[in-house]
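Below is one structure, written out as structure tokens; comments come after it.
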Ligand code: IPE
Ligand code: IPE
Ligand code: MG
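In the working numbering, the protein residues as written are 3 to 258.
Structure below.
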């Protein structure tokens with residue numbers, strides 16, 4: 003093994019890794035524009051970056067990866083772009099599912115599926131069922147997802163239980179709300195990565211990101227590679243997560 007590989011491996015081994023990474027894959031359109039290509043080509047190139055990141059998570063033993071593929075606000079884009087994005091989604095899912103399954107990836111989709119055509123919904127259901135037993139990596143794709151939608155759905159479900167008489171309003175606390183949200187069964191995201199240079203959350207996992215470490219990079223999503231991911235992981239590993247406590251308390255648990 004080359005000397006630099008040995009070094010890279012030992013560096014990885016020492017790093018504190020996130021269990022769950024949540025990403026906003028942004029910058030496809032600008033990537034294409036820089037090359038005088040139609041925006042769609044940026045989305046197509048972005049699929050390769052998804053493949054790279056999934057592989058990197060598998061290699062590193064990261065438990066969960068949540069990717070924002072289409073927001074509830076992205077319907078506002080030109081009809082042709084929305085249509086092309088849906089086609090790409092279907093095409094990619096069909097093409098990748100066997101390999102993902104073989105690699106031990108458990109697929110999940112979060113977001114309001116009612117807006118999708120039945121064929122796409124069937125495809126999503128089938129991918130989830132086919133991979134339900136896998137346990138290497140949970141890959142969550144957020145499509146027609148919005149953090150406010152997620153919270154509103156949780157509120158509605160709790161309200162229904164109150165109306166039915168099976169839930170006392172006094173029992174509704176932060177844990178009760180959290181249990182109703184998407185990804186409730188996964189560890190909360192430890193690391194959030196947004197590519198494309200914008201520093202905003204864009205209605206992503208609003209509740210779930212409460213204590214997530216945020217990382218923004220100017221890298222456009224189609225350019226995001228193993229090295230860029232390693233940079234984000236290194237940044238994460240160097241941070242002290244205090245969850246409201248003091249630095250001393252975190253460094254010396256039980257001291258005061
Ligand atoms: C992210 O890239 C992909 C989706 C939102 C579907 P964009 O399409 O937003 O790319 P930019 O921000 O226009 O460069
Ligand atoms: C966020 O990116 C949504 C996805 C990456 C799917 P956008 O490009 O839609 O975000 P805004 O509109 O610039 O905030
Ligand atoms: Mg964008």
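Built from N, CA and C at the ideal position, the CB exists for glycine as well.
Do you know how far the Cα of residue j is from the Cα of residue i?
i, j, result
"residue 74", "residue 205", "8 Å"
"residue 227", "residue 47", "12 Å"
"residue 231", "residue 169", "44 Å"
"residue 100", "residue 50", "16 Å"
"residue 240", "residue 20", "12 Å"
"residue 25", "residue 199", "13 Å"
"residue 111", "residue 257", "43 Å"
"residue 201", "residue 133", "34 Å"
"residue 207", "residue 27", "14 Å"
"residue 129", "residue 71", "16 Å"
Verify whether the separation of the beta carbon atoms of residue i and residue j is less than 9 Å.
i, j, result
"residue 193", "residue 234", "yes"
"residue 113", "residue 222", "no"
"residue 105", "residue 67", "no"
"residue 102", "residue 56", "yes"
How far does the alpha helix (DSSP H) with residue i in it reach, from first residue to last?
i, result
"residue 42", "41-62"
"residue 256", "Unbroken run through residue 256: none, as it is neither H nor E."
"residue 236", "228-239"
"residue 182", "176-182"
Name the DSSP bridge partner or partners of residue i?
i, result
"residue 195", "25, 217"
"residue 72", "145"
"residue 67", "23, 141"
Quick one: give me the first and last residue of the beta strand (DSSP E) that residue i is part of.
i, result
"residue 146", "139-147"
"residue 34", "That residue, residue 34, is in no beta strand (DSSP E); its alpha helix (DSSP H) goes 30-36."
Minimum length 4: unbroken alpha helix (DSSP H) runs contained in the segment 90-161: Within the segment 90-161, the runs of alpha helix (DSSP H) that reach at least 4 residues and sit entirely inside it are, in chain order, 120-133.
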